[in-house]
Amino acid sequence: MTRQKAVFLVDMESFYASIEHVENPQYDGKPLVVSGDPNRRSGVILAACPLAKKKGIRNAERLYEAQQKCPDVVVVKPRMQRYVDVSLEISRILGTFTDQVEPYSIDEQFMDVTGSQRLFGIPHDIAVKVRDEVQRITGIRTRIGIGENKVLAKLACDNFAKKNKSGIYLLSRDTIDLDLWGLPIEDLFGVGRKMAVHFRNMGIRTIGQLAKTDGEHIKKKFGLHGQVLWMSANGVDYSPVTREAHAKRKGFGNGMTLPRDYVKKEEIQVVLLELCEEVCSRARKAGKMGSTVSLSLNGASYVEKRGFHRQMTLPIETNITMELFQAACQLLNRYWDGFPIRRLSIGLTNLQSDQNWQMSLFNDNESRDRLSQIGYTMDDIRHKYGKVAIQRASSLTKASQLLDRSKKIGGHYK
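Its first residue numbered 5, the sequence shown is counted upward by one per residue in this note's numbering.
Right, dumping it as structure tokens:
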């Protein structure tokens with residue numbers, strides 16, 4: 005007997021805010037938001053509980069705007085380590101139903117339960133069991149979209165499961181013309197504000213209108229992204245649910261928003277070196293080197309938008325911090341004209357194994373090998389004793405952000 009293909013997208017409702025409500029009974033019945041520190045330009049809403057959302061508060065809006073809508077809202081600073089721990093616990097719970105669990109984000113996970121139906125029943129029954137088990141153990145309410153593939157599960161969750169009482173919805177390719185195609189084009193996963201404007205200018209106002217448009221025309225106009233959106237509108241997705249989905253990285257990057265305007269090159273370089281250290285450390289941990297270096301800077305002014313994103317290719321792949329830093333400084337010197345900096349980021353792409361070193365006829369290969377080994381040794385020390393156990397002298401200056409960043413996960417305090 006052929007089992008029905010069944011993929012879940014499990015979404016944790018108001019994840020950060022729900023954890024705070026569960027673990028702090030004194031907030032029960034009160035509107036609550038999780039927000040970054042407003043004194044460090046990160047005062048935006050990361051998560052709002054359903055009660056806060058009823059007051060008109062939305063994720064990603066400024067904290068002061070939320071407080072104007074709801075003066076008595078409870079504001080809680082994020083505890084990222086706790087949220088990561090709960091997310092991992094939910095992954096463990098999902099793993100008791102299937103070994104095919106793929107984290108999509110900290111609060112969303114895909115499951116392929118096709119092979120679990122003999123043990124746990126039809127897909128809807130499995131979804132009920134998953135929902136109830138997660139809530140029993142963690143106190144977190146989940147919404148579950150069910151589909152024959154990942155995009156249908158995601159669309160089912162976002163557009164239907166989040167809006168019904170049970171928190172569960174099945175979206176089938178056989179019924180998408182009735183269930184999905186009448187929705188506005190903005191409700192299609194992957195369609196942002198700008199893309200929605202492009203579609204509407206073409207007369208495409210609903211998901212169904214996109215689905216019925218010639219796919220080659222959409223691909224020609226918008227490239228691969230357009231083709232993926234057209235496939236999504238038709239409920240087509242060939243990507244499997246797999247635990248190794250994020251194993252093959254295309255690159256490593258890191259960036260940060262600065263606590264104040266940086267206008268001196270030497271101060272920018274201090275933070276840039278620290279970001280290069282993090283990027284190279286992550287590359288070394290993954291056993292990779294890269295040859296393409298990218299630098300992005302964003303200006304501090306909200307009135308005059310300033311910034312750039314530039315890249316260069318190195319003659320030899322590297323994961324040596326100082327080599328990445330020297331390349332980043334070249335880009336800084338070439339393209340930065342002195343405007344105040346609010347955010348900067350560094351990237352390393354075009355990866356290959358760190359076991360395949362390219363020898364040079366013109367450079368000191370022995371010295372380069374020593375620099376590489378120093379990087380791996382510093383990684384070992386930091387892994388054992390902490391990120392600030394060994395530092396560069398520049399990280400002792402006022403411009404440094406190393407100590408503050410060591411206290412954070414994902415840009416927020418642990």
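Ideal Cβ placement from N, Cα and C applies to all residues, glycine included.
| Asked | Found |
| --- | --- |
| Could you have a look at TYR31 and say whether DSSP puts it in helix, strand or coil? | helix |
| Three-state secondary structure (DSSP) at MET260? | strand |
| Helix, strand or coil for ASN354? Go by DSSP, reduced to three states. | strand |
| Looking at the C-beta of LEU55, does it have a partner C-beta in chain C at a distance below 9 Å? | Absent from the structure is chain C; it holds one protein chain and no more. |
| Among the residues of its own chain, which have a CB less than 7 Å from the CB of ALA70, if the five just before and after it don't count? | VAL37, ILE49, ILE61, VAL77 |
| Between the alpha carbons of ASP89 and ASP265, how many angstroms are there, rounded? | 34 Å |
| Find the nearest neighbour of CYS280 within the set LEU348, GLY227, GLY125, ASP384, judged by alpha-carbon distance. | LEU348 |
| Among CYS161, GLY119, SER398, SER404, which residue has its Cα nearest to the Cα of ASP15? | CYS161 |
| Span of the alpha helix (DSSP H) holding MET316? | Segment 311-322 is the beta strand (DSSP E) holding MET316; no alpha helix (DSSP H) there. |
| If the criterion is Cβ atoms closer than 9 Å, does the pair LEU318 and SER295 meet it? | yes |
| Pull up the distance between the alpha-carbon of LEU182 and that of ALA237, whole angstroms please. | 13 Å |
| Output the distance between the C-alpha atoms of LEU400 and ARG314, rounded to the nearest integer angstrom. | 29 Å |
| Is the region 161-175 touching the region 125-132, taking contact as three or more C-beta pairs under 8 Å? | yes |
| Between which residues of its own chain and VAL283 is the CB-CB distance below 8 Å, once the five residues before and five after are set aside? | PHE256, GLY257, ASN258, LEU328, ILE350, GLY351, LEU352 |
| In whole angstroms, what separates the C-alpha of GLN104 from that of ALA331? | 41 Å |
| Along the chain, where does the beta strand (DSSP E) containing GLN113 start, and where does it finish? | 112-116 |
| Just the C-alpha distance for ARG45 and LEU67, rounded to the nearest angstrom, thanks. | Low per-residue confidence applies at ARG45: pLDDT is 44, beneath 50, and the placement is therefore not dependable, though the value from the model is reported in the following sentence. Each residue's Cα considered, the two are about 10 Å apart. |
| DSSP three-state label for THR142, please. | helix |
| Going by the CB atoms, is the gap between LEU233 and VAL195 shorter than 9 Å? | yes |
| Checking 9 Å against the spacing of the C-beta atoms, do GLY239 and GLU152 come in under that value? | yes |
| When the distance is taken between beta carbons, is LYS59 closer than 9 Å to PRO35? | yes |
| Identify which residue in VAL274, TRP340, GLN359 has its Cα closest to the Cα of ARG288. | GLN359 |
| Suppose the cutoff is 7 Å on Cβ atoms and the five residues either side in sequence are ignored; what does the same chain contact list for TYR20 look like? | VAL38, LEU50, ALA51, PRO82, TYR87 |
| Let me know if GLN113 comes out buried or exposed under the rule of 16 or more other beta-carbons within 10 Å of its beta-carbon. | buried |
| Spatial neighbours of LYS224 within its chain, please: CB distance less than 6 Å, with the 5 preceding and 5 following residues excluded, ordered by chain position. | none |
| Roughly how many angstroms separate the alpha carbons of ILE150 and LEU175, rounded to a whole number? | 6 Å |
| Based on the DSSP output, what are the partners of PHE19 in its beta bridges? | Note: PHE19 sits in no beta bridge, so no partner. |
| Is VAL201 helix, strand or coil by DSSP? | helix |
| Taking buried to mean at least 16 other C-beta atoms within 10 Å of its own C-beta, is ALA56 buried or exposed? | buried |
| Can you say whether LYS268 is buried or exposed, counting buried as having 16 or more other CB atoms within 10 angstroms of its CB? | exposed |
| May I ask you to list the residues that DSSP assigns as paired with ARG83? | Looking at the DSSP assignment, ARG83 forms no beta bridge with any residue, so it has no partner. |
| Going by other Cβ atoms of all chains shown within 10 Å of its Cβ, with 16 needed for buried, is THR100 buried or exposed? | exposed |
| If I follow the unbroken alpha helix (DSSP H) through VAL274, where does it start and stop? | 269-289 |
| Residues in the same chain with beta-carbon distance under 6 Å from SER298, minus the five sequence neighbours each way, listed in chain order, please. | GLN315, GLY351 |
| VAL201: which of LEU184, ARG177, PHE226, PHE312 sits nearest, CA to CA? | PHE226 |
| Where are the alpha helix (DSSP H) runs, 4 residues long or more, that stay fully inside the region 90-135, in chain order? | 121-124 |
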